[in-house]
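**Q** One structure, as C-alpha cells, below. Some questions next.
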Amino acid sequence: MWLLPFLDYASVAVFALTGALVASRAQLDVVGFIFIASLTATGGGTLRDVMLDRDLFWIVDPMMLGVAALAALVVFFTAHLLESRYRAILWLDACALAVAVPAGVAAATASGMGWPVILIMGMVTGCMGGLMRDVVCNEVPLVLKQGELYVTCAFAGGVAALGAEWFGLAGGLALLACAGVTFTLRAGSLLFGWRLPVYRPRPPRTLPPKR
Amino acid sequence: MWLLPFLDYASVAVFALTGALVASRAQLDVVGFIFIASLTATGGGTLRDVMLDRDLFWIVDPMMLGVAALAALVVFFTAHLLESRYRAILWLDACALAVAVPAGVAAATASGMGWPVILIMGMVTGCMGGLMRDVVCNEVPLVLKQGELYVTCAFAGGVAALGAEWFGLAGGLALLACAGVTFTLRAGSLLFGWRLPVYRPRPPRTLPPKR
Amino acid sequence: MWLLPFLDYASVAVFALTGALVASRAQLDVVGFIFIASLTATGGGTLRDVMLDRDLFWIVDPMMLGVAALAALVVFFTAHLLESRYRAILWLDACALAVAVPAGVAAATASGMGWPVILIMGMVTGCMGGLMRDVVCNEVPLVLKQGELYVTCAFAGGVAALGAEWFGLAGGLALLACAGVTFTLRAGSLLFGWRLPVYRPRPPRTLPPKR
Chain A
1 MWLLPFLDYA
11 SVAVFALTGA
21 LVASRAQLDV
31 VGFIFIASLT
41 ATGGGTLRDV
51 MLDRDLFWIV
61 DPMMLGVAAL
71 AALVVFFTAH
81 LLESRYRAIL
91 WLDACALAVA
101 VPAGVAAATA
111 SGMGWPVILI
121 MGMVTGCMGG
131 LMRDVVCNEV
141 PLVLKQGELY
151 VTCAFAGGVA
161 ALGAEWFGLA
171 GGLALLACAG
181 VTFTLRAGSL
191 LFGWRLPVYR
201 PRPPRTLPPK
211 R
Chain B
1 MWLLPFLDYA
11 SVAVFALTGA
21 LVASRAQLDV
31 VGFIFIASLT
41 ATGGGTLRDV
51 MLDRDLFWIV
61 DPMMLGVAAL
71 AALVVFFTAH
81 LLESRYRAIL
91 WLDACALAVA
101 VPAGVAAATA
111 SGMGWPVILI
121 MGMVTGCMGG
131 LMRDVVCNEV
141 PLVLKQGELY
151 VTCAFAGGVA
161 ALGAEWFGLA
171 GGLALLACAG
181 VTFTLRAGSL
191 LFGWRLPVYR
201 PRPPRTLPPK
211 R
Chain C
1 MWLLPFLDYA
11 SVAVFALTGA
21 LVASRAQLDV
31 VGFIFIASLT
41 ATGGGTLRDV
51 MLDRDLFWIV
61 DPMMLGVAAL
71 AALVVFFTAH
81 LLESRYRAIL
91 WLDACALAVA
101 VPAGVAAATA
111 SGMGWPVILI
121 MGMVTGCMGG
131 LMRDVVCNEV
141 PLVLKQGELY
151 VTCAFAGGVA
161 ALGAEWFGLA
171 GGLALLACAG
181 VTFTLRAGSL
191 LFGWRLPVYR
201 PRPPRTLPPK
211 R
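Chains as they are written, first to last, in the UniProt record's numbering: chain A, 1 to 211; chain B, 1 to 211; chain C, 1 to 211.
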C-alpha cells in the first residue's frame, strides 16, 4: 500500500488550495490562510484516523503540514490572477475529493474494516474537510448544494473500489477506479448538471401556497 | 448491560428520522438524506466513544449504519405525507433524546467513569448529534431555542439515573427513569411551555433603549 | 511540568466566562449557560487530547467541569452589571487564549511531539474552543474577524515557546514567554489595531465593479 501516503499528500495539497481560496473570499491575513487551508486539508483525514484509532497521518508525517502551508502561501500571492475564484474552488475541490475518497478507502482497508465502514471512511475523508471549511467560513456547504452530486460521488467511488476489489483487481487499480468514478461523476455534475432526483415535497396541505 | 445496544439502535433509528426530515427541508437528494441521517444518528455516540476511548459503536456493529440508511429511505419516500415536518422533527427528536441520554449514561457507567463524566456523556450523546445536524443544515440549533428545555432535559435525565442508581435500583430501572424524566421534561416544554428562567438583561446603561 | 494543570484550570475558567457571556447574548437559560461555557472551556483541550491520544484532561480531573459550571453561574447572575458584554468577551478571550496556547504547547511537548505538531497543538488548544462557541452560537468567529490578529497570536506564542526552549530556557519560562507574546500581540491588535497585511484582491476582471 505504498499509494496511501501519496494519496494523502495529493489530497492535502489540493484541499489546502481550496481552503486558501475560501480564505481569500473572506479576506483573511496570511496566517488565517494557513489556518483554513490546514483545517480543510487535514480535517477529513484527521476524523478518519481518530475514528479508526490510527495515529494521525500528519503527526506521523508532519511534512503534510508544510505542504498545506505552502499551498496557502501560493494562493495568498496568486489568487488575484484567477478569473473566477469560485470556479477554481469547485474544480480543485472535485480533484481533492477524487484523491481523498480513495485515501479513506485505503486507510480503512489497511485497518481491516468491513465494507460498510470502508464506504463511510471514504465519504468522511472526502467530504468532511470541505464541510469544516464551509461551516467555519460561513459558505453554503458544497455537501448541501441542491441538485449537485457531491456525497453521492464519494459514495459511488467507494462502491467502485469495493467492486473492483471484489472482482479481484489489485489494490492500486481498485483505488484508481475509485478516483476515476468519483471525479467523473463530480465533473459530470458540474459540467452537464448530472443529478439524482431531489426530494420535492408535494404541497402538504390544501392551503393556498403563500406560506 | 444488554440494554445498551438496544438503546443505541433505538436512538440511531429515531435520530436518523429527524436527520432525514431536516434533509427534506433542505431538498437534498437521496444520498444527502442518508448522509445527514447518519451524521445525526451517529454523531453524539461517536463523540462519546471517541472521548471515552471505546471502539466506535457503529464499527463494532455496522448494522447501525443500515438502520440509519433505512430510516433515511423511508423518510425520502414518505415525508410529503406529513402535515407538518417541523412538528415531526420536534417530537421525534424528543424521543431520540430520551433514548440517547440513557445510552450515554450506560456507556460511561460501563467504562467505569465517575458521576461528572457520566452526566456529561449523557448530555453529549443526547445533544451533539442533533447539534451537528442543525449546524450543518443551517437550522437554528434546538439546543439554543430560547425558552425551551433541551440540554436541561438531558441533564435532568442524567441526574435521575444517578439518583436511581444511588438509591439502589438495578441498572435497567435507572436507565428507564432516565429516559422517563428526559422525555417528560421535553414533552412538557413542547406542550405546556415549561421552562427555566432565561437570562434577561436589565438595561445595562441609562441610555434610551433605541439601540 | 507542574504548570500544565494550572494552565488548564486557568484557561477553562476564563474560556468558560467567555462562553457564558456569549450564552447571555443568546438569552439561554442557566443550563444552556453551563453547556456553552463547558463547550468553550473544554473544546480546544479535548480536541488536543483526542489528537494526541492522551486521556482527556477533564476525565482525569473532573473538577475542571466544576470550574466551568461555576464560571457559568457567576456570569448568569452578574452579566447585566457589565457595561459592554462584547468588550468583556473580547478581553477575556484574549486572556484565555494566552493561557490555552502554552497549555497546548506543554501537552504536546510532554507527549514528545516534534515542533510542527507542538505549534499546531498550541493553535488548536487556543483557538478551537472559541471557534466551537462561535459556530454553535452563530456569532462571527473571532478567528475570522478581518484585520485582527488571532490565530497569528497563537502561532507567534508557539514560536516564542519553541525559541525560548531552543535558547535553553527552562520549560516554565518558555511557557511564560509563550503566554506573554500571545497576549501582547492580541492586546495590541485590540487596542492599537496591529495587523498583518490582509488579502485584498486586485479587481480580477476589467468589468465595472458593480457586481
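Cβ coordinates follow ideal geometry from the N, Cα and C atoms, glycine included. As the structure is a computational prediction, the values presented were derived from the model and not from experiment.
Could you tell me whether any Cβ in chain C is nearer than 8 Å to the Cβ of B:P197?
**A** By one-based count along the second sequence, residue 197 of chain B stands at place 197. At least one chain C Cβ lies under 8 Å of B:P197.
**Q** Return the first residue and the last residue of the alpha helix (DSSP H) that C:P102 is part of.
**A** Working through the third sequence from its first residue, we reach residue 102 of chain C at position 102. It spans R85 to A110 - the alpha helix (DSSP H) in which C:P102 sits, taken as one unbroken run.
**Q** To which residues does DSSP link B:D29 through a beta bridge?
**A** Here the question's residue 29 of chain B lines up with position 29 in the second sequence. Note: B:D29 sits in a beta bridge opposite A:V198.
**Q** Here's the rule: buried if 16 or more other CB atoms are within 10 angstroms of the residue's CB, otherwise exposed. What is B:S38?
**A** Residue 38 of chain B sits at position 38 when you count from the first residue of the second sequence. Buried, because 16 or more other Cβ atoms sit within 10 Å of the Cβ of B:S38.
**Q** With a 10 Å radius around its C-beta and 16 neighbouring C-beta atoms as the bar for buried, classify B:L144 as buried or exposed.
**A** Counting from 1 along the second sequence, the entry for residue 144 of chain B is found at position 144. It is buried - the Cβ of B:L144 has at least 16 other Cβ atoms within 10 Å.
**Q** Starting from C:R186, trace the alpha helix (DSSP H) in both directions and tell me its first and last residue.
**A** Along the third sequence, one-based indexing puts residue 186 of chain C at 186. C:R186 -> alpha helix (DSSP H) spans G171 to F192.
**Q** How many Å lie between B:P204 and C:C137 at the Cα?
**A** Working through the second sequence from its first residue, we reach residue 204 of chain B at position 204. Working through the third sequence from its first residue, we reach residue 137 of chain C at position 137. The pLDDT assigned to B:P204 is 48, lower than 50, so where the model puts this residue is not dependable; a value taken from the coordinates is nonetheless given after this. The straight-line gap from Cα to Cα measures roughly 22 Å.
**Q** With a cut-off of 8 Å, does the C-beta of C:L142 fall near any C-beta of chain B?
**A** Along the third sequence, read from residue 1 onward, the residue named residue 142 of chain C stands at position 142. No, C:L142 does not count as interfacial toward chain B.
**Q** Scan the UniProt domain "Glycine transporter" (6 to 79) of chain A for residues whose Cβ lies nearer than 7 Å to a Cβ of chain B and list them as they occur along the chain.
**A** Correct list: V50 and M51.
**Q** Would B:L28 and A:V198 qualify as a contact pair, given that the criterion is a beta-carbon distance under 8 Å?
**A** Taking the second sequence and counting its residues from 1, one reaches residue 28 of chain B at position 28. Taking the first sequence and counting its residues from 1, one reaches residue 198 of chain A at position 198. Against a cut-off of 8 Å, the Cβ pair of A:V198 and B:L28 comes out as a contact.
**Q** Could you name the residues of chain A that B:C95 contacts, counting a contact when the two beta carbons are closer than 8 Å?
**A** Counted from its first residue, the second sequence places residue 95 of chain B at position 95. In chain order: nothing, as chain A lies at least about 21 Å away.
**Q** Quick check on residue 236 of chain B: does DSSP put it in helix, strand or coil?
**A** What the structure shows of chain B is the stretch from 1 to 211, and residue 236 of chain B is not part of that stretch, so it cannot be assessed.
**Q** At which residues does the alpha helix (DSSP H) containing residue 233 of chain B begin and terminate?
**A** Residue 233 of chain B lies beyond the range of chain B shown here (1 to 211); nothing can be said about it.
**Q** Tell me whether the beta-carbon of C:E165 lies closer than 8 Å to the beta-carbon of C:V22.
**A** Along the third sequence, one-based indexing puts residue 165 of chain C at 165. Along the third sequence, one-based indexing puts residue 22 of chain C at 22. No, the pair does not count as a contact, with Cβ atoms beyond the cut-off.
**Q** So what's B:M132 in DSSP terms, helix, strand or just coil?
**A** Translated into positions along the second sequence, residue 132 of chain B becomes position 132. Correct three-state label for B:M132: helix.
**Q** Who are the neighbours of B:V135 on chain A, taking C-beta pairs under 8 Å?
**A** In the second sequence, counting from the first residue as 1, residue 135 of chain B sits at position 135. Residues of chain A passing the Cβ test: V135.
**Q** Would you decide whether C:Y150 is buried or exposed? Buried here means 16 or more other CB atoms lie within 10 Å of its CB.
**A** Residue mapping note: residue 150 of chain C aligns to position 150 of the third sequence, counting from 1. Its Cβ being crowded by 16 or more others within 10 Å, C:Y150 is buried.
**Q** For A:F192 and A:A103, what's the separation of their Cα atoms in angstroms?
**A** For the purposes of this step, residue 192 of chain A is taken as residue 192 along the first sequence, with counting starting at 1. For the purposes of this step, residue 103 of chain A is taken as residue 103 along the first sequence, with counting starting at 1. Using only the alpha carbons, I get a separation of about 27 Å.
**Q** Residue 291 of chain A and A:L176: beta carbons closer than 8 Å?
**A** An answer regarding residue 291 of chain A cannot be provided, because it is not within the stretch 1 to 211 covered by chain A.
**Q** Does the beta carbon of residue 257 of chain B come closer than 8 Å to any beta carbon on chain C?
**A** In the structure as shown, chain B begins at 1 and stops at 211. Residue 257 of chain B is therefore absent and cannot be evaluated.
**Q** Using only alpha-carbon positions, find the residue among C:R25, C:V99 and C:L162 that is nearest to C:A41.
**A** Reading the third sequence from its first residue, position 41 is the one you call residue 41 of chain C. Of the candidates C:R25, C:V99 and C:L162, the one whose C-alpha sits nearest the C-alpha of C:A41 is C:V99.
**Q** Rounded to the nearest angstrom, what separates C:P209 and A:S84 at their Cα positions?
**A** The residue given as residue 209 of chain C occupies position 209 in the third sequence. The residue given as residue 84 of chain A occupies position 84 in the first sequence. Residue placement at C:P209 is poorly supported in this model, since its pLDDT is 49, which falls under 50; the coordinates still yield a value, given next. Computed Cα separation, rounded: 14 Å.
**Q** Taking 8 Å as the CB-CB cut-off, is B:G114 touching chain C?
**A** Counting from one through the second sequence, the residue named residue 114 of chain B turns up at place 114. Chain C, which has a Cβ nearer than 8 Å to the Cβ of B:G114, makes this yes.
**Q** Going along chain A in order, which residues have a C-beta closer than 7 Å to the C-beta of C:I120?
**A** Here the question's residue 120 of chain C lines up with position 120 in the third sequence. Per Cβ cutoff of 7 Å: L65.
**Q** Between the C-alpha atoms of B:C127 and B:D93, what's the straight-line distance to the nearest angstrom?
**A** What you label residue 127 of chain B is simply residue 127 of the second sequence in a count that begins at 1. What you label residue 93 of chain B is simply residue 93 of the second sequence in a count that begins at 1. If you take the alpha carbons of B:C127 and B:D93, they lie about 10 Å apart.
**Q** Taking the continuous alpha helix (DSSP H) assigned at B:V159, which residues delimit it?
**A** Looking up residue 159 of chain B in the second sequence gives position 159. V151 to W166 is the extent of the alpha helix (DSSP H) around B:V159.
**Q** Alpha carbon to alpha carbon, how far is A:F57 from A:V30? Give it in angstroms, no decimals.
**A** Position 30 of the first sequence, counting from 1, holds the residue named residue 30 of chain A. Position 57 of the first sequence, counting from 1, holds the residue named residue 57 of chain A. Taking the straight line joining both Cα atoms gives about 24 Å.
**Q** Should B:V105 and B:L17 be called a contact, given that it needs their Cβ atoms to be closer than 8 Å?
**A** Here residue 105 of chain B refers to the residue found at position 105 when the second sequence is read from its first residue. Here residue 17 of chain B refers to the residue found at position 17 when the second sequence is read from its first residue. No, the pair does not count as a contact, with Cβ atoms beyond the cut-off.
**Q** Might you give, ordered along the chain, the residues of its own chain that have their beta carbon closer than 8 Å to the beta carbon of C:D189, omitting 5 neighbours on each side?
**A** Mapped onto the third sequence, residue 189 of chain C falls at position 189. In the sequence on display, residue 189 of chain C carries Ser and not Asp. Around C:S189: E148, L149, Y150, C153 and R195.
**Q** Within 10 Å of its beta-carbon, does C:D134 have 16 or more other beta-carbons around it, so buried, or fewer, so exposed?
**A** Reading the third sequence from its first residue, position 134 is the one you call residue 134 of chain C. It is buried - the Cβ of C:D134 has at least 16 other Cβ atoms within 10 Å.
**Q** Applying the 10 Å Cβ sphere with the 16-neighbour rule, what's the burial state of C:G55?
**A** Against the third sequence, residue 55 of chain C aligns to sequence position 55. Note that residue 55 of chain C is Asp in the sequence shown here, rather than Gly. Its Cβ having fewer than 16 others within 10 Å, C:D55 is exposed.
**Q** Are B:T125 and B:G44 close, meaning C-beta to C-beta below 8 Å?
**A** Numbered from 1 along the second sequence, position 125 holds the residue referred to as residue 125 of chain B. Numbered from 1 along the second sequence, position 44 holds the residue referred to as residue 44 of chain B. Cβ distance < 8 Å, so B:T125 and B:G44 count as in contact.
**Q** If you draw a straight line from the C-alpha of A:M113 to the C-alpha of B:T46, how long is it?
**A** To locate residue 113 of chain A, count along the first sequence from 1; it is residue 113. To locate residue 46 of chain B, count along the second sequence from 1; it is residue 46. C-alpha separation (whole angstroms): 17 Å.
**Q** Which residues in the same chain as A:S11 place their Cβ atom closer than 7 Å to its Cβ, once the five residues preceding and following it in sequence are excluded?
**A** Walking along the first sequence from the start, residue 11 of chain A turns up at place 11. Within the same chain, A:S11 has close Cβ partners A96, V99, A100 and A103.
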